[in-house]
Amino acid sequence: MNLSDGRESTHYNLFTVSYVALLTGQIVSILGDRLNNIALVELIAEETGRFSQSGSTLEMSKLFLAFTLPSLILGPLVGAYVDRVNRKRTLITTDLIRGLAVLAVPFMRPALPLWTVYGMVGVLYVANLFFLPARCAIVSEMVPRERLMKANSGLTIGATLASIAGFFVGGVIAAKAGWRVALYVDSATYFVSAAALAFIKTAPGGGRHIEQAGSPYAETVREALGTVRRSVAARLGVISPAILVLAGTTAFVLGTAMIERMHPEGTMYVGFIAGVAGLGMAAGSLLTSARFQVTGRARIIRTWVPAVIVPLGLLALTRNLWLMGLGVALAGFAAGPVFVTSETGVQEDTPLRRQATVFAFRDMLMKVSALVAAWLAGLAPALMGERPALGGLLAVWLIIWLALGYRKEAAE
């Protein structure tokens, strides 16, 4: 049986080896990502006297700027490049670069100012710009169309379980052994991931069905975005993750500062609550794989996005860590169906040779959303206090989603 965009059923014969290799590499590298996130929070907490200094929340915003600036500069042009090269080699190379970038931070910090750390974080996220579209697009090279939902559910479950472990372990390591040790462990995970990804097997020809040259990069981007505009599922698949990032970043920036001030070992509690969110997301992804195979992609996304935003309001309403954990767990559970379905919708409705470009555009929107949310979360508390700022910003993101996500489309 031939698939509509050139993916043949023979690819499924390679599914087991390739999929396990991709899943393993992703789990290990995401474990490292979460260690990195927590280690950097601990670094900033140490530098700002546990967020007691004036403007300390703004340092979290600067960190998010380092996360997002590479995407703002390069954007979907990176995806257009990834669509023209071997995706397996891209994954391995970027993991090696990420490992070296993280390893450099503990050696730089004693001699150089804090802004240089943000610069190295920027290098790390430049590499991420290449890794993420390649990871999303390579799935379609290995998995038949009818298996995409299950494949994405498995990858999301693996990623969220890795996030749980990374946040829990990262919180303990950063709080007990220090951020430097956490970054050493983080660096090692990227090298292990690169070794696992070397076992990926793609279709015969090593991805030669992907164009190697031809139309200009700008034309490639225009064609990919045209596909998104014409497909409701693909469009919602691009927009909905950005909305979730707005809500999640707002909760992370403001929630982190509140928890750090509430407890002397606040970083460990931040890791715990973030891990609970990951546990909820794994459960939601499992539900997606088991129950939502034939449900309309747009309907799933529209239903579950508000269910992510609303529970995060508990962070603004309570000082009880258990209730905070409940809020992020419910939000994580609802996020699982959104992320799995949005990724599947893009893969189903986008030609294989343009998928990396579309995923890069999606990731750019997510980074822009993180930047906007981080800066607003850093500035708003001075005007209205942290808890009202958190509740107010979440309400704004919900209204924006209701305006964008529920538009009536003739294509439906």
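2 is the number of the first residue of the sequence shown in our numbering; add one for each residue after it.
Ideal Cβ placement from N, Cα and C applies to all residues, glycine included.
The beta carbon of G276 sits closer than 6 Å to the beta carbons of I165, F168 and F169 from its chain, once the five residues preceding and following it are set aside; these are given in chain order.
The alpha-carbon of L101 is positioned some 21 Å away from that of P134.
In the same chain as M325, and ignoring 5 residues on each side of it, the C-beta atoms closer than 8 Å to its own belong to G256, I260, I274, L315, L316 and T319, in chain order. For T345, the CB contacts under 6 Å within the same chain, skipping 5 residues up- and downstream, are L149, M150 and N153 in chain order. Counting only runs of 4 or more residues that sit fully inside the segment 367-400, the alpha helix (DSSP H) segments are 382-385, in chain order.
Sequence-distant partners of I139 (beyond 5 residues in either direction) whose C-beta falls short of 6 Å from its own C-beta, in its chain, are R88. Here Q27 really is in contact with A160; their C-beta atoms are around 6 Å apart, less than 8 Å. Contact between the segment 369-377 and the segment 230-250 is present: 3 or more CB-CB pairs across the two stretches fall below 8 Å. G379 and V106 have their C-alpha atoms spaced approximately 24 Å apart.
Residue environment for F132: buried (at least 16 other C-beta atoms within 10 angstroms of its C-beta). Contact between the segment 378-397 and the segment 219-231 is absent: fewer than three C-beta pairs spanning the two stretches fall below 8 Å. Straight across, the Cα-Cα distance linking F334 with G179 is about 31 Å.
A residue is called buried once 16 or more other Cβ atoms fall within 10 Å of its Cβ, and I400, having fewer, is exposed. Secondary structure at P352: coil, using DSSP grouped into helix, strand and coil. By the Cβ-count criterion, V306 is buried, with 16 or more other Cβ atoms from all chains shown falling within 10 Å of its own Cβ.
Take the alpha-carbon of G171 and the one of G272: they are about 7 Å apart.
Around A390, the same chain offers A381 and P382 as residues with beta carbons nearer than 6 Å, after the five sequence neighbours per side are excluded. Under the three-state reduction of DSSP output, S232 falls in the coil class, being neither helix nor strand. Within the same chain, and ignoring the five residues on either side of L184 in sequence, the residues whose Cβ sits closer than 6 Å to its Cβ are A40, V103, V106 and P107. Here A284 carries a helix assignment [DSSP, helix/strand/coil]. Around L237, the same chain offers R298, A299, I302, R303, S343, G346 and G406 as residues with beta carbons nearer than 8 Å, after the five sequence neighbours per side are excluded.
Taking the CA atoms as reference points, T358 sits about 7 Å from V79. Scanning the segment 149-213 for uninterrupted alpha helix (DSSP H) segments of 4 residues or longer gives 149-177 and 180-198, listed from N- to C-terminal end.
DSSP, reduced to helix, strand and coil, places R90 within a helical segment of the structure shown.
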